[in-house]
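J.:
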Amino acid sequence: MSASEIRAATQDDLTAIATLWRESTISMDGGAPRVHDVEALRARLQSEGWLIEVAENEDKIVGFLALRERERVVDQLFVVPSVQGEGVGARLLRHAQALMPDGFTLRTPLSNLAGQRFYERHGLTMLRDEPHPQAGFLVRYYGWFP
1464 MSASEIRAAT QDDLTAIATL WRESTISMDG GAPRVHDVEA LRARLQSEGW
1514 LIEVAENEDK IVGFLALRER ERVVDQLFVV PSVQGEGVGA RLLRHAQALM
1564 PDGFTLRTPL SNLAGQRFYE RHGLTMLRDE PHPQAGFLVR YYGWFP
């Protein structure tokens, strides 16, 4: 697959992003603690106030990143399952680092061992485990502090 291009998401992208988010959540290593439907995810994309960037290959969205820049948080980072392991996630993570060069935190479900290995392989530091602030399932927090 050719290298993905990263660009700002548009309103026209929201359904594709929500669909990708759901598919990736369902296929998550260790199982997803909670899976929302596409409409609920689309509504979150519209209401959270995130900066949303997408990775696109051949006019198809293959990954996305949702940031809360002011709080220095990568809130969401998902890649379509069929291209996981092809560098899309790494490109999105580097993009987050470029947008927040002073560092950031993120969290992933404690059951998502593949996600944890990905973040550790890319230089993030495990900070702590604790319940998700809204949903209650256990999550692992990571930080990137250059």
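Residue numbering for the sequence shown follows the working numbering, starting at 1464 and increasing by one per position. Yeah, the Cβ is synthetic: ideal placement off N, Cα and C, and Gly gets one too.
1. Looking at the structure shown, is Pro1572 part of a helix, part of a strand, or coil, going by DSSP?
2. Can at least three beta-carbon pairs, one atom from the segment 1473-1488 and one from the segment 1524-1533, be found at a separation below 8 Å?
3. Threshold first: 4 residues or longer. Then list the alpha helix (DSSP H) segments lying entirely within the segment 1500-1540, N to C.
4. Is Val1543 closer than 8 Å to Leu1483 when the C-beta atoms are compared?
5. How is Glu1549 classed by DSSP in three states: helix, strand or coil?
6. Check each candidate in Leu1555, Glu1534, Gln1547, Glu1468 and name the one with the smallest Cα separation from Asn1520.
T.: Straight from the coordinates:
1. Looking up residue 1572 in the sequence shown gives position 109. If DSSP states are grouped into helix, strand and coil, Pro1572 belongs with the strands.
2. yes
3. 1501-1510
4. Translated into the one-based positions of the sequence shown, residue 1483 becomes position 20. Translated into the one-based positions of the sequence shown, residue 1543 becomes position 80. Yes; because the gap between Cβ atoms is below 8 Å, this pair is in contact.
5. Here residue 1549 is taken as the residue at index 86 of the sequence shown, counted from 1. It is coil, neither helix nor strand.
6. The residue given as residue 1520 occupies position 57 in the sequence shown. Measuring from the Cα of Asn1520, the nearest candidate turns out to be Glu1468.
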